[in-house]
Amino acid sequence: MEPCSKELRERYDFFDFLFYTCLLAVPLLTAAVGIARNTLGGLLVYILLIVVAVILVLKFFCSRCPHYAREDKLLRCIFFWDLPKFFAARPGELDTRDRIVTWAAPAALLAFPLIWLIHEPDLLAIFLLSLAGFAATVRRHECHRCIYFACPINKVSEEMKGKTE
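Counting the sequence shown from 1 gives a position; my numbering is that position plus 45.
See the structure below:
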């Protein structure tokens, strides 16, 4: 499948944020419904897990991103809009700890609801299909033109990277 645009994505607008937020809301809300049907305590734990994962991703992944390093006081990207920059920017490559947190935090968010969703095949199907759709959309429309070259899933060509550095 060919990517839609060949230009690097220097900036995002609010509608980009809304688009990806709506896509990500489907699996998150599906997980929340699946958990809440069985236990409100589990739902509270999941909400807390989401908050902790966001904080960890901001600290260990996003703080290295060029969008985070901009002079603005608020972060504006496809996942966070007008969110204060709680951590100092740390441009550069991800170290081992950054990589572990970058993969572990989202993995925990995806794995935790499976405890309940495995017993509800309809919600499990919605959860998995919507996650696949979200991942495919980000991969197709963003990864090949992302200015965060240190990202482990960045797919910008070496030729294109050379033009910007």
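By construction, the Cβ of each residue, glycine as well, lies at the ideal position given by its N, Cα and C atoms. Quick caveat, the model's predicted, so the values are computed rather than measured.
Would you decide whether residue i is buried or exposed? Buried here means 16 or more other CB atoms lie within 10 Å of its CB.
i    : result
C122 : buried
L174 : exposed
S108 : buried
V97  : exposed
L89  : exposed
H154 : Position check: residue 154 holds Leu in this sequence, whereas His was assumed. Answer is buried; the Cβ neighbour count reaches 16.
A150 : buried
Y113 : buried
Would you tell me roughly how many angstroms separate the C-alpha atoms of residue i and residue j, rounded to the nearest one?
i    : j    : result
I163 : L169 : 6 Å
K208 : F64  : 29 Å
D117 : L103 : 16 Å
F59  : A181 : 21 Å
R115 : Y57  : 13 Å
Y91  : I198 : 26 Å
L176 : P129 : 27 Å
K51  : R135 : 27 Å
E204 : Y193 : 15 Å
Grab me the residues of residue i's own chain with a C-beta within less than 7 Å of its C-beta, minus the 5 sequence neighbours each way, in chain order.
i    : result
F179 : L68, L69, P72
F62  : I123, W126
A195 : R109, G137, E138, L139
L94  : A153, L154, F157
Identify, in the order they occur along the chain, each residue of the same chain with its Cβ nearer than 8 Å to the Cβ of residue i, setting aside the five sequence neighbours on each side.
i    : result
D39  : With the chain covering only 46 through 210, there is no way to say anything about residue 39.
F172 : P72, T75, A76, G79, P158, L162
Report yes if the C-beta distance between residue i and residue j is below 8 Å; otherwise report no.
i    : j    : result
R190 : L53  : yes
A81  : P158 : no
F105 : V146 : yes
E206 : C188 : One point to set straight first is that residue 206 is Lys, not Glu, in the sequence displayed. No.
I need the boundaries of the beta strand (DSSP E) containing residue i, first residue and last residue.
i    : result
L139 : Note, L139: premise wrong, no beta strand (DSSP E); not H, not E.
L119 : 119-121
L85  : First-last for L85: 85-105, but that is the alpha helix (DSSP H), not the beta strand (DSSP E).
L128 : 126-129
Would you say residue i reaches chain D, if we count a Cβ-Cβ gap shorter than 8 Å as a contact?
i    : result
S202 : Included in the structure is just one protein chain, with no chain D present.
Just reading off the alpha helix (DSSP H) that residue i is part of, what are its end residues?
i    : result
P111 : 111-114
D61  : 59-81
P166 : 166-186
L162 : 159-162
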